[in-house]
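Chemist: Have a look at this one before I ask anything.
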Amino acid sequence: MAVVESILRFLVLLLSFFGTLALAGLGLAVIFGIMGIINFAHGEFIMIGAYSTSIAYGAGLPLVGAIVVGGLTTGAFGLVVERLLIRHMYDRLIDTLVATWGLSLILTQAVQIQFGGTFGSIPVPFGTFQYAGFSASMYKIVLGLTALGLFAGTYAVFTQTTYGLQARAAMQNKEMARSLGVDTGRIYMLTFAFGSVLSGIAGGLFAPLTVLTPTMGSEYIVEAFVTVIVGGTNVLIGTFGAALSLGLIQTPASQLFGTLGGRVALLVTTILIIRVLPEGISGVVTSD
Amino acid sequence: MSRDIRNSTENRDEDSQNAFNRRNFLKSVTVSAGAVSLGGCTGQIGGADGEGPITIGTLYDNSGPLGFVGKGKDAATEMWLEQQEYELLGREVEWIDYNPAGDNTKYKNLTRKQIQQDDVDMIFGALLSSNREALRPIVDENQQLFSYNDWYEGGVCDEYMVINTTLTSQQRPLIDFMVENFGSDYYALVADYNYGRVSNRYARHYARENGAEPVNEEFIPLDTSEFGSTINRIREEDPDWILSLLVGSAQYSFFKQAESAGVDLPYGSLANIAGTYEHVSFDPPVMADTYSCFSYFQEIPTETNREFVENFQERNPAYTKEEGGYVFLSIADAWNAIRFYWNAVENAGTVDQEAVLAEYENGLEMDSPKGPVTFNGETHHATQNMWLAKVNDDHSVSFLDMDGEETEEPIAENVQTSEWFRNQCNLVDDSSWDEPRTEYLTPDEGDLG
């Protein structure tokens, strides 16, 4: 019995770490992988997703519907940001870094002024998963599975739709794609919006587990960047592989050495991986 | 401390409604007085000893993560000043209210400005220990009387600082109560910074005196909001109760996640409920079975407190339950701070700072929403009653005695600073206005025993 319990404990924790890393990183990875833009306001996009989810939930929508609203709101917001800010800075990595960092400060303060220090809390749904002496939050299991679902969805978008085909073309060779008639500007716009939707959904999914504050984005930004750095430019395999391998490190480390130990292990692993694999896990996948 | 659990949009609304009140008028006047002076200027604008108005300054965050705390403290200050019709010793009182916005550099600059440019007679301010430590050298250098009144780990032994709030050592009854009623194995969750670590040291010491021992102490980074492994470890250790020194909105996620993971242990908290009112912010039963010990809770069942809460909420509807607010510890402490000052000045018959401090050191006494409080001259800290609050299943609050029976009395009366601190710090004997002690003492492992 005790063995089964230990295995369950490990699996549920792994699923929960994997879910957090993957959800936090996916939106950032899509934007970085395809557009080569590092969105420093990524944490605030997650925050916007969480806030709009909470507003929709407060207005009476079921949680799933509210999360969809959160994703779409963040997507619409991303679209506006892309049109007003990002599109003027294509291929200017450092400039976008500074611009989006500024954006993140503005967003945090604007939300602080508009909504104050904290915001309506959403109760954790689905209750408790119980097996013998082991119990865990069912929602965390759902969170990990939803992350898998989002990967599948993103995979479908990139392989099954015209947008996905063109996006991959633009990513591999922008000039060639353009000369073949792909409107890369439009692709980038859609990509930024799509990445924003993913971040918004992540925010909505995190909302019940956390306390909503204007600075909540900073709780996920480390996870997001670590996942993307370790993953490299390959949006799907890289991010998935990074979230899984980092989760596999963080789970036993935090079990043995506590939350702080888990965090340290996460960052040390990241340093080691980018030392050995400068292009991250994507480098392994694409080199052979 | 960091307690960004709650703010409310209402605070703003209420602010804009009072857009033309006296304080804002004064603020606009003083703000337009110009940029921060870079030192040297000690002009007698406010008239410290003259017959002009008495000037008091406040430095409470009105924005930033702790903006809601500072706004509450300003609201308490304003309520008192209006009740006194801005008059003390027959002289007009001018209130100079700045917003340091949680920024230590601003804290320093605004402290300098209040001392050197506004020439204030008294300053009330700082929320976090880090704010206070940033400005304390300036206060000391300029021999400025300063009231710090937000809960902290204790340890300031400074001639120019007068302090009234709950110290970790004063919360000892919580540890005694938890060990007595739930058992000797506890699991400590500690915010990993100075306040958390020092407070945990006190907690462990008091637990050991009761024959109790932590089964584990987990130091948790402040921005942690994922508690899966912590919850697993708690389950493995199977403690009798959990000691919470969790601080900041990210860490409050623990309570939600523990609830949904089916953790059903009592929480003994040195850091929650009184100051950050999680029992109002979270839906029941997330905080049910939390025990918290502080000098003040909005629910304290005395006539003085009911009246105080009623008055305060009537003036500031953002702090009512309907608006998701709460009259929290920091508000009551700001209220007591300015009243202590009033008493000291009235006794001294002047605002001369040395004379006023002498009155503080004589031991001021007054009744307050917390119950009777006295000022201890040797330590410059307040002696006060401690209440043990229990959060019930519906998130209402009951007060308990040591046996766990409901009561309308505090669990401990006239609680002073820790014995260790009293042995270290005697500002009456070892310090004077011109030869001051200005220290910040932290007990090391073993010092307490």
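Protein chains in written order, with this note's numbering: chain W, 1 to 288; chain G, 289 to 737.
The C-beta atom is built at its ideal place from N, Cα and C for all residues, glycine as well.
Note that the structure is a prediction, hence the values are computed from the model and not measured.
1) Roughly how many whole angstroms lie between the Cα atoms of residue 55 (chain W) and residue 498 (chain G)?
2) Quick one: which residues of the region 503-514 of chain G get their C-beta closer than 7 Å to a C-beta of chain W? List them in chain order.
3) Work out the CA separation of residue 227 (chain W) and residue 201 (chain W) for me, nearest whole Å.
4) Report the rounded CA-to-CA distance for residue 92 (chain W) versus residue 37 (chain W), giving the unit in angstroms.
5) Would residue 50 (chain W) be called buried (16 or more neighbouring beta carbons within 10 Å of its own) or exposed?
6) From residue 612 (chain G) to residue 566 (chain G), what distance separates their C-alpha atoms?
7) Would a check of beta-carbon distances place residue 175 (chain W) closer than 9 Å to chain G?
8) Could you give the C-beta distance for residue 438 (chain G) and residue 462 (chain G), rounded to a whole number, given that I count them as a contact under 8 Å?
9) Counting only beta-carbon separations shorter than 9 Å, does residue 375 (chain W) have a partner in chain G?
10) Considering just the uninterrupted stretch of the beta strand (DSSP E) at residue 88 (chain W), what are its terminal residues?
11) Nearest CA to the CA of residue 281 (chain W): which residue from W:48, W:264, W:255, W:229?
12) Output needed in chain order: residues of the region 597-617 of chain G with a Cβ under 7 Å from some Cβ in chain W.
13) Identify every run of the beta strand (DSSP E) within the region 30-96 of chain W, keeping only runs that are complete inside it and at least 3 residues long; order them along the chain.
14) To the nearest angstrom, how far is it from the Cα of residue 157 (chain W) to the Cα of residue 163 (chain W)?
15) Which full runs of the alpha helix (DSSP H) of 4+ residues lie inside the region 140-203 of chain W, going along the chain?
16) Is residue 372 (chain G) helix, strand or coil by DSSP?
17) In the region 521-591 of chain G, which residue ranges form an unbroken alpha helix (DSSP H) of at least 4 residues, counting only runs that do not cross its ends?
18) If you compare alpha carbons, which of G:601, G:673, G:595, G:606 is closest to residue 458 (chain G)?
19) Output the boundary residues of the beta strand (DSSP E) element that contains residue 502 (chain G).
20) Does the CB of residue 760 (chain G) have a neighbour CB from chain W at under 9 Å?
21) Could you compute how far the alpha carbon of residue 682 (chain G) sits from the alpha carbon of residue 344 (chain G)?
22) Give me whichever residues DSSP pairs with residue 384 (chain G) in a beta bridge.
23) Report yes or no: is there a C-beta of chain W within less than 9 Å of the C-beta of residue 547 (chain G)?
24) Go to residue 477 (chain G), then tell me how far its beta strand (DSSP E) extends in each direction, as first and last residue.
25) With DSSP as the reference, label residue 436 (chain G) as helix, strand or coil.
26) Sort out for me which residues DSSP pairs residue 728 (chain G) with in a bridge.
27) Using a cut-off of 8 Å between C-beta atoms, extract the partners of residue 227 (chain W) located in chain G.
28) Does residue 418 (chain G) get closer than 9 Å to chain W when you measure Cβ to Cβ?
29) In whole angstroms, give me the CA-to-CA distance for residue 680 (chain G) and residue 578 (chain G).
30) From what residue to what residue does the beta strand (DSSP E) around residue 413 (chain G) run?
31) Could you pull out every residue in the same chain whose Cβ sits closer than 7 Å to the Cβ of residue 69 (chain W), ignoring the five residues on either side in sequence?
32) Looking only at DSSP bridge pairs, what is residue 654 (chain G) linked to?
33) Count Cβ pairs between the region 572-590 of chain G and the region 551-559 of chain G that sit closer than 8 Å; are there 3 or more?
34) List, in chain order, every chain G residue whose beta-carbon is nearer than 7 Å to that of residue 219 (chain W).
35) Tell me the rounded alpha-carbon separation between residue 507 (chain G) and residue 543 (chain G).
36) Could you please give the first and the last residue of the uninterrupted alpha helix (DSSP H) stretch that includes residue 648 (chain G)?
Modeler: This is what the structure gives:
1) 48 Å
2) 506, 507, 508, 509, 511, 512, 513, 514
3) 17 Å
4) 8 Å
5) buried
6) 11 Å
7) no
8) 19 Å between Cβ atoms; not a contact.
9) Since the displayed chain W opens at 1 and closes at 288, residue 375 (chain W) lies outside it and no answer follows.
10) Premise fails: residue 88 (chain W) is in no beta strand (DSSP E) and is neither H nor E.
11) W:229
12) none
13) none
14) 8 Å
15) 162-172, 174-179
16) coil
17) 537-548, 566-569
18) G:673
19) 501-508
20) In the structure as shown, chain G begins at 289 and stops at 737. Residue 760 (chain G) is therefore absent and cannot be evaluated.
21) 42 Å
22) G:345
23) yes
24) 473-479
25) strand
26) G:444
27) Under the 8 Å cutoff, chain G gives no residues; its nearest Cβ is about 14 Å from residue 227 (chain W).
28) no
29) 8 Å
30) 410-413
31) 52, 53, 56, 61
32) G:661
33) yes
34) 511, 513, 538
35) 16 Å
36) 641-649
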